[in-house]
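Residue numbers (full-length UniProt numbering): 1 to 1031.
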């Protein structure tokens, strides 16, 4: 049906006529499984677009509920939501893209059983808008009409509930007796009586909405410019848009907006100085900035600050400790609010204003220094004062010093380990709840009595390698989620066959199943010092998918035929069934490579136990030869890759030894030692990832999932180059190949740690490696800078990374000539890649933050048990006006050491450290301390002895403080410093050149460093703080 609507609008004083054509359809599905009227249409609708099958009712939230109480609707328990197209359009128009996306996500998640109903084109639900009607009045009619349509269409088979805070107004209009209207509180109490979290959240919202705003500024913030002016200004180049990033070390004074335009000095960053120019923007918001005239540009502080909320600290006048002026602007508009849940803490009771307590208004302190204090209204103040809480920002009035928010959730006691870990999970937006029961029911039932076995009909469709190949895995001790296994085999034609066998997760995780959607949502497993949060249920990650020893498992294999020089002559990809003969740990594999005997290894390899001596010697010899061949092949492949520009960079992985018989008792912290076999396994995985990337990018040139590592910005590497030059070494940074060669030469014979630290700093200067869809960027940007490969992806860890599952589906679609599992277009795949990048980065940040918590526990216990702080050796890597930045190799800690205190006294080392009247000066590459006729100098890469202590914090994470003890190395740490020169076997390649003796796996090669901008650079290499020791 076609209707035409005429609308008269004024344009520049004229009356014009706008003609709209409205097509109404009578074949739109209702998306309900209980419908008997549109069955033929429903069968064509994917499961992801259907209402909840087991729903007891369907709910249609009205506009006021969607816009004011969206967090309640986002609760996973509330299902069967029918969201109207008219409401979604209004949200997009009035609340911005980010809020609109949150609303649509209610329906995109198949687990919610919710849909968007296209009421504006449905013939039986369409409501024409009268010229005298406001938009809100028309939307109200749309809600009523849609509810009546569903009640009639479904023949009252299921209750239809309209929810609005203006229930009385709706009640007077609704004529249909099958449609129930109620307030949100009534709805929650009636339909979800056991959902206490929803009712508590509702009460918190009610308090916040009824409290009103507070005017506590003598001069209000500026109004934001209208959207049309902002858009025109951006287009004309007058304004710049970007994301606000607050410096957590000086939160009240310093923030940056990263603009896509590098308009000055090869930097896309605009400095925002102070809260007035920040104009109520929150860290993460997408903002619009107006540049200030150059004479108004400001400089950021270059001194150490003890308190991120204070502009003057440590006895150094800010005006005397400035860098050069940098591009400066002010925020004139907000394009998108990126507000999220924030962990916060109430102030100490004596800090609370009595009148505020009486009025139930409280300023809570966010866990994240970058977020301003948030004013909430609550009746539970005394009950939650010593607990962590979750709050969310609602608004920020221009006459208020602080934003207004509401209480979302109450967590555990401050300082308890489980509470602190829960805080980190929420701060990084990582969900690790138990897997839903309907998800578990999708999976095979497994028990000790009835173990899972491969299906014979499935085996016939696969290549059977169980008896033809010696397959084994090499993993850390205690590893349960074994993603990969390896094989090496001599072929009749004289060539060698290298095999990489990866768990076939896609067999068990079907597209758009509950398991698949949950894995997609999590995107990655998360590893903390004492626990693991799996992406997949344990029955898959630790059993059915895991390539455990001596059990049959489904795999996806890549088999290469290699000639005598390890050139690839042929390659095969496909599904296989395998039986891993040995489940080795790295240490056992290393010992075998270095000549351990069968008798020495039998206790470490269960598969060798119980054999007679003849069989034992035969099988051990077979395994030893396979490992040796694999090692040689990996070395040759690696040498070839490095010759093309692959980099060898360093990072330090910390290993925590935890006594689980006591809560949070860390008995020791060590740097993980890299073994030769680590690089062997890593090189095989890199090789497989590279070849799979080539295959899927050829098969699906517009939507293959690859991983790229952009070239680092020259400005990033210039600072590392300056550090190297301070010791007389030259770094050539024009290409990865030249950088690798110059790093290899930068060896200080008097300081074996110099090269290690230089490589670590170079690693931190790298850009972030990211997933991407090939249809969105040119092929010239596919390159992986760190690995020196033209194409790369993640294929080898599908148990713990969702990206690998997508890659498996694409590879198998090509290998099996079927596109059944690759129905995503480039746009959908790009959205998935962006989601995976966010989750991957969040997991890395969470792991790092958790390590900081455990390190604080360790150092606190150390000081208590030894009645003195822990002493460490540290290496200076940056000099500031009142201190220095150091790196502690033993624990992988970066931090700041103050040489000037709040009383303007300087630190002088005698028998101990004394604070005396004096001065600090920086000249060339030296920081000089002068006091009482003494002169002491500090330079880049000098070693100093520090003490480590823990400074407890009520509102924030505990801090590790570094204090100077001596201006000379700490001898004990120099002796135990982890050696990065990995022991290697004296094996030569086919060309006769000795194999290079260092390598690390991809995670060590390429930590996901931040993309260069002024904020990030000063965060990472000039971490101006006494507070955060491991940025």
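Just so you know, even glycine gets a beta-carbon here, dropped at the ideal spot from N, CA and C.
Residue i (DSSP reduced to helix, strand or coil)
i	result
residue 579	strand
residue 240	strand
residue 285	coil
residue 148	helix
residue 180	strand
residue 1038	Any property of residue 1038 remains undetermined from this structure, which presents the chain solely from 1 to 1031.
residue 959	strand
residue 514	helix
residue 609	coil
residue 214	coil
residue 55	coil
residue 764	helix
residue 256	strand
residue 700	coil
residue 186	helix
residue 825	coil
residue 782	coil
residue 271	strand
Residue i burial status per 10 Å Cβ neighbour count (16 or more: buried)
i	result
residue 482	buried
residue 181	buried
residue 986	Any reading at residue 986 is ruled out, since the residue's pLDDT is 36, under 50, leaving its predicted position unreliable.
residue 794	buried
residue 594	exposed
residue 804	buried
residue 935	exposed
residue 101	exposed
residue 734	exposed
residue 227	exposed
residue 493	exposed
residue 970	buried
residue 643	exposed
residue 423	buried
residue 614	exposed
residue 168	exposed
residue 620	buried
residue 695	buried
residue 451	exposed
residue 702	exposed
residue 314	Unreliable positioning characterises residue 314 in this predicted model, as indicated by a pLDDT of 37, which lies under 50. The coordinate reading is nonetheless provided below. So residue 314 counts as buried.
Beta-bridge partners of residue i, as assigned by DSSP
i	result
residue 423	Per DSSP, none; premise fails for residue 423.
residue 477	Paired residues: none, contrary to the question.
residue 632	Paired residues: none, contrary to the question.
residue 340	Note: residue 340 sits in no beta bridge, so no partner.
residue 654	671
residue 934	931
residue 464	577
residue 939	926
residue 121	Paired residues: none, contrary to the question.
residue 487	471 and 499
residue 900	906
residue 61	163
residue 290	239 and 330
residue 624	BP columns for residue 624 are empty, so no partner.
Three CB pairs or more closer than 8 Å across the stretch 578-590 and the stretch 549-564: yes
Segment contact flag, the stretch 64-75 with the stretch 198-212, C-beta cutoff 8 Å, min 3 pairs: yes
Touching by the beta-carbon criterion (3+ pairs, under 8 Å), the stretch 273-282 and the stretch 373-383: No: the two stretches stay apart, fewer than three of their Cβ pairs being nearer than 8 Å.
The stretch 480-500 contacting the stretch 600-613, beta-carbon criterion three pairs below 8 Å: no
Whole runs of the beta strand (DSSP E) within the stretch 363-450, excluding any shorter than 3 residues: 374-377, 387-395 and 404-413
Unbroken stretches of the beta strand (DSSP E), 3 residues or longer, contained in the stretch 520-601: 526-528, 531-533, 552-562, 568-579 and 582-585
The stretch 513-530 touching the stretch 840-847, judged by at least three CB pairs closer than 8 Å: The stretch 513-530 vs the stretch 840-847: in contact.
Contact between the stretch 501-514 and the stretch 825-845 (3+ Cβ pairs under 8 Å): no
Entirely enclosed alpha helix (DSSP H) segments - the stretch 719-755, minimum 4 residues: Counting whole runs of 4 or more residues, the stretch 719-755 contains the alpha helix (DSSP H) stretches 736-745.
Segment contact flag, the stretch 757-776 with the stretch 455-474, C-beta cutoff 8 Å, min 3 pairs: no
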